[in-house]
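Sequential numbering of the sequence shown, starting at 3, is according to my numbering.
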Amino acid sequence: METAIPSPISQKIDELWSEEMDFLQEISRFPSVSGKEKALQAYLADYLISELDLEVDRFTPDIKEIADHPGFSPPEWGYEESDVVIAKQPGPKDPIGKSLIFQGHTDVVSPEPLSLWSSDPWVPVFRDGKMYGRGVADMKAGVTAMIFAYKAILNAGYKPGADFMLQSVVDEERTGNGALASLEKGYTADGALIPEPFGLKAAKAQIGSLWFRISMNTAVKDKNINQVVNVVERSQVIISALQEYEKLMNERPKPDAFKDMPHPVDINIGSFHAGDFPSNVPVKAVMEGRVGLYPGQSINTVKKELEDCVLKAADEDPWLSKQPPEITFFGFHAEGAEMDDRSPFFQTLDDAHETVLQRPAERSVLSSTTDARFFNLYYDIPATCYGPDGGNFHEIDEWVDLNSVKQVTKIYAEFLARWCGLVPKEA
Ligand SMILES: [Zn+2]
């Protein structure tokens, strides 16, 4: 296949490689767990201005501006330490191609339990062609690749032939409100690529995600009942009900994209808190978790089904029926999404992939949510996730394959060249 990328750009990526790895290592040292992204965002904003000569807008997501949007997820936290960074390169007056966004999130999930890591998650290390550390794969390697794809184009003497943006967003791991806020501010384009680490495969569908909290209380105030009931033991009733609901969802007909997945929809109980003393009977407990949903399933339907199944189980239990558990929803209210993978956007990505890797393009179907949903569901902007290869996301010893990072950098440069066109930098 003929390449649209002038070969000097690919050479520049090779030349910049050790600088790119230093950059990845540097940004992976920031402990930017969701809600604490600000220091890293400041570092990136400074880099994009001073090194890449981009116009940068930084802003804090304003809940009031997005609260009525159907894609909004209600946070129980503020965004004082989470600002979005949008870096813009306006295209020529008469663009020769289509406008483009490369977008990545800089928040990462908790590295706990720290003691299980082979080395400090905030001191990224190279081992056997991989880098290890919290967030290196999800998704600081992708953020690095998208920035260096653009940098290589600049260093080779070119710039995009249409409006181009590098977007660094926040709170992707709990809500996606950083991405939503930037879209609602008008930072849109004709297409968006997100280098999430799904192994050089373009995502054509993704599961949605809804967070729930179930609070139980077995401290029955009835003087005729002379028995203290252990809420941890009774919580088995609720856990079984959730497992039943998960089973039911996976037995239903699956949307086409998920046909080959044996178990597309998961319910995960992510935290459980109860009790404070070995010789006391715990009577209050709170569990928090996440339930998946298919594209096309409404958030409200899943809320109602989950409530019904938990409350029905509680009602059949002699103790939980006296004080039914309280169910609330917070954080992720993310719908599932399907992408049109026969669109010119995917075709361009497939061409870029085949040109750089000399092998056919592949697809992925995601059992988790990503920011790609906003572009596709609410703004009619073709978007997908395509990024490096890695593993142990959200687990101990997270890693990213470094060769795949270089490949993604080249594929992003190739995509940009094809989608936006390139013009001489000094034109
Ligand atoms: Zn991610």
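Beta carbons are placed, not taken as given, at the ideal position from N, Cα and C, and that holds for glycine.
Does at least one heavy atom of ligand 1 sit under 7 Å from the Cβ of residue i?
i: methionine 263; result: no
i: histidine 107; result: yes
i: aspartate 352; result: no
i: glutamate 78; result: no
i: methionine 289; result: no
i: aspartate 319; result: no
i: methionine 167; result: no
i: glutamate 400; result: no
i: methionine 141; result: yes
i: glutamate 198; result: yes
i: glutamate 174; result: yes
Quick check on DSSP: helix, strand or coil for residue i?
i: arginine 365; result: strand
i: leucine 18; result: coil
i: glutamate 57; result: strand
i: arginine 420; result: helix
i: proline 266; result: coil
i: phenylalanine 166; result: strand
i: glycine 178; result: coil
i: lysine 40; result: helix
i: phenylalanine 279; result: coil
i: proline 255; result: coil
i: lysine 261; result: coil
i: methionine 3; result: With a pLDDT of 47 at methionine 3, under the threshold of 50, the modelled position of this residue cannot be trusted; read the value that follows with caution. Methionine 3: coil per DSSP, three-state reduction.
i: glutamine 13; result: helix
Per DSSP, which one or two residues make a beta bridge with residue i?
i: valine 110; result: Val35
i: valine 171; result: His107
i: tyrosine 160; result: Pro426
i: arginine 129; result: Lys132
i: phenylalanine 274; result: Met289
Throw me the rounded Cβ distance for the residue i and residue j pair, which I believe falls under 8 Å.
i: alanine 287; j: serine 237; result: 5 Å
i: histidine 335; j: leucine 212; result: 6 Å
i: glutamate 83; j: glutamate 39; result: 7 Å
i: aspartate 59; j: isoleucine 98; result: Their Cβ separation, rounded to whole angstroms, is 25 Å, which puts aspartate 59 and isoleucine 98 out of contact at 8 Å.
i: alanine 205; j: alanine 363; result: Rounded, the Cβ-Cβ distance is 12 Å, inconsistent with contact.
i: tyrosine 296; j: phenylalanine 260; result: 7 Å
i: isoleucine 269; j: serine 369; result: Rounded, the Cβ-Cβ distance is 12 Å, inconsistent with contact.
i: alanine 194; j: isoleucine 383; result: 6 Å
i: aspartate 427; j: lysine 14; result: Note on identity: in this sequence residue 427 is lysine, with aspartate being the wrong assignment. Lysine 427 to lysine 14, Cβ: 12 Å. No contact.
i: alanine 139; j: valine 367; result: So it is not a contact: roughly 19 Å between Cβ atoms.
i: glutamate 416; j: threonine 372; result: Not quite, the Cβ-Cβ distance comes to about 22 Å (not below 8 Å), so this is no contact.
i: leucine 1; j: phenylalanine 279; result: Since the first and last residues shown for the chain are 3 and 429, residue 1 lies out of range.
i: threonine 411; j: alanine 151; result: 5 Å
Kindly examine ligand 2 and report whether one of its heavy atoms sits closer than 7 Å to the Cβ of residue i.
i: glycine 393; result: The model on display carries ligand 1 but not ligand 2.
> Which runs of the beta strand (DSSP E), 3 residues or longer, sit entirely within the segment 184 to 245?
Replying inline: 194 to 196, 204 to 208 and 210 to 219
> Which ranges does the beta strand (DSSP E) cover as unbroken runs of at least 3 residues, wholly within the segment 371 to 414, from first to last along the chain?
Replying inline: 385 to 387 and 401 to 403
>> Please give the ranges of any beta strand (DSSP E) in the segment 282 to 364, keeping only runs that are unbroken, at least 3 residues long and fully inside the region.
In response: 286 to 295 and 328 to 336
> In chain order, which alpha helix (DSSP H) runs of at least 4 residues are fully inside the segment 60 to 127?
Replying inline: 65 to 68
> Whole beta strand (DSSP E) runs in the segment 132 to 156 with 3 or more residues, listed along the chain?
Replying inline: 132 to 134
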